[in-house]
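Novice: Convert by adding 31 to the 1-based position in the sequence shown; the result is the number in our numbering.
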Amino acid sequence: MGRTYIDFVIENPEKYDLMFLLHFPMNAIAPNQPWGNFQHTFEIMQSTIEEGLAQKLITYSDPLTGSLQFWSFLHGLTSLNLKDRLAHFDGTGLRSLNHVYQAFEEHLKNISIGVDCKDDS
32 MGRTYIDFVI
42 ENPEKYDLMF
52 LLHFPMNAIA
62 PNQPWGNFQH
72 TFEIMQSTIE
82 EGLAQKLITY
92 SDPLTGSLQF
102 WSFLHGLTSL
112 NLKDRLAHFD
122 GTGLRSLNHV
132 YQAFEEHLKN
142 ISIGVDCKDD
152 S
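(1) For Ser92, count neighbouring C-beta atoms within 10 Å of its own C-beta (all shown protein chains included) and say buried if the count is 16 or more, exposed if not.
(2) Span of the alpha helix (DSSP H) holding Tyr36?
(3) Quick check on the DSSP output: the alpha helix (DSSP H) that includes Ala134 runs from which residue to which?
(4) Mind checking whether Ile75 and Gly83 have CB atoms under 7 Å apart?
(5) Do you know offhand how far Gln86's Cα is from Ile144's?
(6) Is there a Cβ of chain C sitting closer than 7 Å to that of Met32, yes or no?
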């Protein structure tokens with residue numbers, strides 16, 4: 032799921048910008064209303080987190096908080112990369128996706144409980 036999110040941002044930077052970084056699309060949504068496809072996607076993520084918690088594979092305190100933390104981590108990491116904030120991260124000045132994927136894999140290790148957490152999605 033996480034690699035799919037990262038790949039989407041890499042392959043669709045303008046769409047991601049419109050969906051998550053620009054403020055004006057949110058003006059079209061009425062206050063206190065579900066956010067269309069986002070709501071469904073977030074529910075899938077929350078269900079996945081619930082399954083991981085039930086199987087004692089991950090360490091989040093609850094599904095909602097875990098989903099918010101997982102999404103926030105991915106969003107922050109991919110947004111930093113998309114807006115070239117990581118371009119000089121390693122001192123080379125080259126835009127590298129290696130840091131993005133390595134950070135994601137490290138995050139999976141940090142939330143997992145004694146399992147090999149390679150994300151093959």
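Even glycine gets a Cβ: it sits at the ideal position worked out from N, Cα and C.
Specialist: Reading off the structure:
(1) It is exposed - the Cβ of Ser92 has fewer than 16 other Cβ atoms within 10 Å.
(2) Here the alpha helix (DSSP H) through Tyr36 covers 33–42.
(3) Ala134 -> alpha helix (DSSP H) spans 129–142.
(4) It is not a contact, given that the beta carbons lie outside the stated cut-off.
(5) For the pair Gln86 and Ile144, the Cα-to-Cα distance works out to about 10 Å.
(6) Going by chain labels, chain C is absent from the structure shown, which holds only one protein chain.
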